[in-house]
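Numbering (our numbering), first residue to last: 813 to 1272.
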């Protein structure tokens, strides 16, 4: 590693003392032996973190792609730098993995315990017995405690009852990527934040910093930005492709690299790299490929209306989507019924819709598992006596069931009758499978599976 004179080291140390970004670059050089691959977004992150240190920001969300230096800056260097200025600061640091959180906590401790760090901050000293990876302290009463999302925090707090910065709650990727689609797992993280983590503030002024890649419309970041905990959050959003079409970090990923990544996995790319939980043009569904028409084409059409049934009034929607297959192999979405009602009004709506559709429209309803599902199907089939009704359990996951319809839409083989319901359906298509609602997709997927049979069986 390049040697620096005493004078140059002093200049570098003074700059590192004053500025988090300079501190991060200088310490990286000291510990790694080569220069930080700097970029503009690093300065943006550091500026936002310094505003937290100065008390100008109390709640901060930074959305950024993975492996773009977020943990290096917002966790390791931010903790070390602020402990240098305020050695009594208390931090709680959490990530989806307790092991990862513990590892990064230990790396931060190693920075604070280094000779190079003491050249900058000689008054910040570790307690001699602070050797645990997930909990270590300074002689001034400072604390760093790391824990996985959902872990125990009893007995620990963040921040100080004093003027000026006294620590923070730091959240680094609270959701595991392969669990973020699970409503249960995603809600577990939100519940833990709301019921456990927030209560660990030692002062109302204790800052909370969330830095993460977006994984779902209703991940912790989305929930907070939509007013989930009732507080206003400063939001720094750093998509991998900037608004001007250039790469955020050219040295990391060129625009050509990013385009290839987007094409290979649009859902992952849209959330994790673009900080949009679903592709703007749609993923499984590209609804811009749907031709909106005002009248049904001339010719024979084989119809089916599929239903997705909600079990509660305040939960999901009940939806009934009507789709037809024409003799030339094209498809047309003719209507969508959508309501939030109890079982009596819901079942009445299904019966009334069947009457309006007529007996040439097949009806497909799902059979939930268990005896209750069988009973419901028997009841609805009796109520729909005289109509062509089919019931079946759902098979496979929602994405698998939706893909056949999505494939036809994406090649421009599906039309749609113009109606007030179009916008809601198109929005759901764009967000699927990462959106809040998927009832209309489920209904249409069910109907589509019924009309996707050999042509000769339809038209002789």
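No residue lacks a Cβ here, since even glycine has one placed at the ideal position from N, Cα and C.
All of these numbers come straight from a predicted model, not from anything done at the bench.
Per the DSSP secondary-structure output, residue 948 pairs in a beta bridge with 956. Under a 10 Å Cβ-count criterion, residue 1076 is classified as exposed, with fewer than 16 other Cβ atoms of the shown protein chains found around its own Cβ. Relative to residue 847, the option among 1003, 977, 888 and 838 whose CA is nearest is 838. Scanning its chain for C-beta atoms nearer than 6 Å, with the 5 sequence neighbours on each side dropped, one finds around residue 1020 the residues 871 and 981, in chain order. Straight across, the Cα-Cα distance linking residue 1235 with residue 1242 is about 11 Å. Between the stretch 907-915 and the stretch 1087-1097 there are fewer than three inter-stretch CB-CB distances shorter than 8 Å, so the stretches are not counted as touching. As DSSP reads the structure, residue 902 sits in a beta bridge with 955 and 979.
Of the other Cβ atoms in all chains shown, 16 or more fall within 10 Å of the Cβ of residue 986; this residue is therefore buried.
Apart from sequence neighbours up to five positions away, the residues of its chain that approach residue 882 with a beta-carbon distance below 6 Å are 876 and 1023, ordered along the chain. Taken in chain order, the complete alpha helix (DSSP H) segments of 4 residues or longer contained in the stretch 1140-1171 are 1155-1169.
Judged by DSSP in its simplified three-state form, residue 872 adopts strand. Check the Cα spacing between residue 1056 and each of 1015, 1067 and 1063: the tightest is with 1067. The residue from 819, 815, 820 and 859 with its alpha-carbon nearest to that of residue 836 is 859.
The beta carbon of residue 1121 sits closer than 6 Å to those of 1130, all from its chain and outside the five residues before and after it, given in chain order. According to the DSSP assignment, residue 1047 belongs to no alpha helix (DSSP H) but to the beta strand (DSSP E) extending over 1046-1049. In this structure, the CA atom of residue 1179 is about 27 Å from the CA atom of residue 992. With at least 16 other beta carbons inside 10 angstroms of its own, residue 1262 counts as buried.
Under the DSSP definition of a beta bridge, residue 938 partners with 950. If you check the CB distance, residue 1061 and residue 889 do not come in under 9 Å.
In the three-state DSSP reduction, residue 1033 falls in the helix class (H, G or I). Selection 965, 1188 and 1208 evaluated against residue 1202 yields 1188 as nearest (Cα-Cα). In the assembly as shown, residue 1181 is an exposed residue. Its beta-carbon has fewer than 16 other beta-carbons within 10 Å. When DSSP reads this structure, residue 918 sits in no beta bridge, so it has no partner. Of all C-beta pairs linking the stretch 1010-1020 to the stretch 931-938, fewer than three are shorter than 8 Å, placing the two stretches out of contact.
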